[in-house]
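Q:
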Amino acid sequence: MRNYKIAVIENDISTFISMFESLNFKYFNDELEFTYYPNSQSINGVENLLSYDLLIVDVNLSSLSELDGIEIIKKVESHAGDREKPQVVLFTGYSKAEEKIAKIQLPDLPIIIKPATYSQVYSVIKEFLPPN
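The number in the working numbering is simply the position in the sequence shown, starting from 1, with 1 added.
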């Protein structure tokens, strides 16, 4: 398996780091490369996200973030042009996220409702990245 690059854009990342690292070790032989961004400013330009295979994006980033998760996804879509876009998974604590996403006309994206379980996160990652 080649190394896969995953960007996690989540303001409360400390809650999820151990889960991601454990999944990586147990199911993917440490071949997933995670990069964590607590807000939109830390990304250093949406273009940088185009180099990832998978984006896991919190819909509602903290008020310290200039962009929320939806705005980040829209910018990735618009900057990609003809290039291949990374797969996107949404993180949200909002149980009616599907309705919100439908209203803003984003593509049908997988959603993980927080608090997320180990099995939920694994299921979504393995859908995009095959385990060894």
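Glycine residues also receive a C-beta, built at the ideal position from the N, C-alpha and C atoms.
#1: Count the CB pairs spanning the segment 76-87 and the segment 24-35 that are closer than 8 Å, and state whether there are at least three.
#2: Which same chain residues, not among the five before or five after K127, have their C-beta less than 8 Å away from its C-beta?
#3: Compute the Euclidean distance between the alpha carbons of L68 and L56, then round it to the nearest angstrom.
#4: Looking at the unbroken beta strand (DSSP E) that takes in L91, where does it start and where does it end?
#5: In angstroms, rounded to a whole number, what distance separates the CA positions of L65 and N40?
#6: Ignoring anything shorter than 3 residues, give me the beta strand (DSSP E) runs that lie fully in the segment 46-86, in order along the chain.
#7: State yes or no: is the C-beta of V47 within less than 8 Å of the C-beta of F92?
#8: For the ligand NAP, any of its heavy atoms closer than 7 Å to the Cβ of L130?
#9: Do you know how far the Cα of S120 is from the Cα of E78?
#10: Specify the secondary structure class of K6 as computed by DSSP and reduced to three states.
A: For this structure:
#1: The answer is no - the segment 24-35 does not touch the segment 76-87, with fewer than three Cβ pairs under 8 Å.
#2: Spatial neighbours of K127 in its own chain (CB-CB distance under 8 Å, excluding positions within 5 residues in sequence) are listed in chain order as Y28.
#3: Per the coordinates, the alpha-carbon of L68 lies some 15 Å from the alpha-carbon of L56.
#4: Run containing L91: 88-93, per the beta strand (DSSP E) assignment.
#5: Rounded to the nearest angstrom, the two C-alpha atoms are 7 Å apart.
#6: Correct list: 55-59.
#7: 8 Å or more divides the Cβ of V47 from the Cβ of F92.
#8: Among the components of this structure there are no ligands whatsoever, and the ligand NAP is therefore not found.
#9: One C-alpha to the other measures close to 28 Å.
#10: For K6, the secondary structure class from DSSP, reduced to helix, strand or coil, is strand.
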